[in-house]
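S.K.: Submitted below is the structure of interest, expressed as structure tokens.
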Amino acid sequence: MKEKMNDHHPMDDLLVKALLDEASPAERREVDQWLLENEANRRYYDHFELIWKHSKQLAAHSQVDENASWERFKARTQETERLGRVVPLWSRPLFQRLLVAATVLLLAGAGWLAYLYAPGGAPERVVHSGEGTRTDTLPDGSVVVLNKKSTLTYPDRFADDKRAVALTGEGFFEVVADPEKPFVITINDVTVTVVGTSFNVKGSTRQTEVIVETGQVEVAHGNQKIRVLPQEKASVGKARAELTKQRVEDEFYAYYRTGKLVCEGTPLWLLVDMLNEIHEAQIVIGNPKIRDLKIHATFENQPVDQLLDVISETLSIRVERQGAQYILR
1 MKEKMNDHHP MDDLLVKALL DEASPAERRE VDQWLLENEA NRRYYDHFEL IWKHSKQLAA
61 HSQVDENASW ERFKARTQET ERLGRVVPLW SRPLFQRLLV AATVLLLAGA GWLAYLYAPG
121 GAPERVVHSG EGTRTDTLPD GSVVVLNKKS TLTYPDRFAD DKRAVALTGE GFFEVVADPE
181 KPFVITINDV TVTVVGTSFN VKGSTRQTEV IVETGQVEVA HGNQKIRVLP QEKASVGKAR
241 AELTKQRVED EFYAYYRTGK LVCEGTPLWL LVDMLNEIHE AQIVIGNPKI RDLKIHATFE
301 NQPVDQLLDV ISETLSIRVE RQGAQYILR
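Letter 232 of the sequence shown, counting from 1, is numbered 232 in full-length UniProt numbering, and no numbers are missing.
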């Protein structure tokens, strides 16, 4: 059999730097742009991050003979190829930089890589939303609405003591109450634990946030832990790993479910940030004096040009188009 283990995806090293929070602003932008190019890139990153997250947790409690582990990893991959399965192939330097990620999992008996990619052999379901939203019902009857470019991983059957899922991107959960079996979401380095409630969870390369609509949830990050109530938001950034809580002043987080942006005295800068995120647009406030202007309006699934026409008329400001960029003055 031809040796393939020296081949790896050209983005792997950059993705590792991003996950280690060692990427420069330019490199971070390159990763973000790559993720937007197509769904295959998004899927690759989702699996990459999932492997990283789980292997890092296990690596903290495992002592591994790296050389022996590498040989086991190669042997397992070659056997997988012989059976016609598809697994990602990485170089040894990357293997080392991932903290012996796949090896730790294999030694733990998980076979994580093979299970993730083996048709018909996965003990878990991986749900991708693609370019639109997607609603999914979990084994316990709980319902999740995924925003675009998001992924949810969960088992075919929940364990006896908890209902554990992993999220990448953003999702709104309506969790069926079960005091004996808490619902646990892992996203980035944050854990969200609930019994029965409805809430929104969002994770990006910059921060993770949890917004509660009903009930209450417990959000944990490292040694920090806080309880979040309705109309409150817990967030933690990558740069400053401090878990904070604040009141939610708008319902922008619900846009991907309702299709509405309701502005009730919303500052222009906040609306612009949201429009850039929703439409992947390049809207810039070119005049600092209009940044905090308050707007009262409701927007529903309109193209960017129409939205900006309404904003321009409502606030008596100008909109200039320069290439793909919109400048508000």
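Glycine included, C-beta positions come from ideal geometry on N, C-alpha and C.
#1: For the candidate residues Q207, A234, G141, whose alpha-carbon lies nearest to that of A220?
#2: Just to confirm the assignment: which complete beta strand (DSSP E) runs, minimum length 3, are found wholly within the UniProt domain "FecR protein" (132–218)?
#3: Would L328 pass as a contact of V319 if the rule is Cβ separation under 8 Å?
#4: Measuring straight from C-alpha to C-alpha, what distance separates V31 and A23?
#5: Select from L36, P139, L14 the residue whose C-alpha is nearest the C-alpha of A26.
#6: Run the CB neighbour count on S150, radius 10 Å, all protein chains shown included, and call it buried at 16 or more, exposed below.
#7: Measuring CA to CA, which of H279, D292, G323 is closest to E131?
#8: Confirm, please, whether the CB-CB distance from F199 to E213 is below 8 Å.
#9: With DSSP collapsed to three states, give me the class of Q282.
#10: Is K260 buried or exposed, if buried means 16 or more other CB atoms sit within 10 Å of its CB?
#11: To the nearest angstrom, how far is it from the Cα of R85 to the Cα of N287?
#12: G222 and A241 look like a contact to me (Cβ under 8 Å); what is the Cβ gap, rounded to whole Å?
#13: What three-state label does DSSP hand P267 in the structure shown?
#14: Per DSSP, R227 is paired with what?
M.R.: According to the structure shown:
#1: The alpha carbon of A220 has as its nearest neighbour, out of Q207, A234, G141, the alpha carbon of A234.
#2: Segments of the beta strand (DSSP E) lying fully in the UniProt domain "FecR protein" (132–218): 134–137, 143–146, 151–155, 163–168, 170–174, 183–187, 190–194, 198–203, 207–214.
#3: Yes, Cβ-Cβ distance for L328 and V319 is below 8 Å.
#4: Counting only the Cα atoms, A23 lies some 9 Å from V31.
#5: Answer by Cα proximity: L14.
#6: The residue is buried, with at least 16 neighbouring Cβ atoms inside 10 Å.
#7: Nearest option by C-alpha distance: H279.
#8: Yes.
#9: Three-state result, Q282: strand.
#10: Sixteen is the threshold: since fewer than 16 other Cβ atoms of the shown chains lie within 10 Å of the Cβ of K260, the residue is exposed.
#11: Per-residue confidence for R85 stands at a pLDDT of 40, beneath the threshold of 50, marking its modelled position as unreliable; the derived number appears in the next sentence. About 56 Å.
#12: Indeed they touch by this definition, with Cβ atoms about 7 Å apart.
#13: Note: P267 maps to strand in three-state DSSP.
#14: The bridge partners DSSP lists for R227 are E218.
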